[in-house]
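K.L.:
Residue numbering for the sequence shown follows my numbering, starting at 0 and increasing by one per position. The beta-carbon is built from N, C-alpha and C at its ideal position, and this holds for glycine as well. Bear in mind the structure is a predicted one, so any value in this text is a computation, not a measurement. Before anything else, here's the structure in question.
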Amino acid sequence: MAKVVINKEKCKGCLLCVSFCPKALFIVEEKLNSKGVKPVKLKEINDCVGCGQCAVICPECCIEIYE
Numbered sequence: 000m001a002k003v004v005i006n007k008e009k010c011k012g013c014l015l016c017v018s019f020c021p022k023a024l025f026i027v028e029e030k031l032n033s034k035g036v037k038p039v040k041l042k043e044i045n046d047c048v049g050c051g052q053c054a055v056i057c058p059e060c061c062i063e064i065y066e
């Protein structure tokens, strides 16, 4: 199982990770970050296969994957 770390303060809400996740694990949080943006979060961490597509596509490098 992979560990996914999302820096919610750096997230600009582009939602590219939502589009590129093959398991559709990302959703938008209700709470705003300090930039006034709703960052992403994972629905279910246990379903993540650690493919890293979210981390690669994120333009702000907000997502880190650890095995």
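Going by DSSP in three states, residue 15 sits in which element: helix, strand or coil?
P.N.:
helix
K.L.:
Please work out which residues of its chain come closer than 6 Å, Cβ to Cβ, to residue 34, disregarding the five sequence neighbours upstream and downstream, and give them in chain order.
P.N.:
none
K.L.:
Does DSSP classify residue 4 as helix, strand or coil?
P.N.:
In the structure shown, residue 4 sits in a strand (DSSP, three-state: E or B).
K.L.:
Please classify residue 58 as buried or exposed, where buried requires at least 16 other C-beta atoms within 10 Å of its C-beta.
P.N.:
exposed
K.L.:
Please state whether DSSP places residue 48 in a helix, a strand or coil.
P.N.:
Reduced to three states, the DSSP call for residue 48 is coil.
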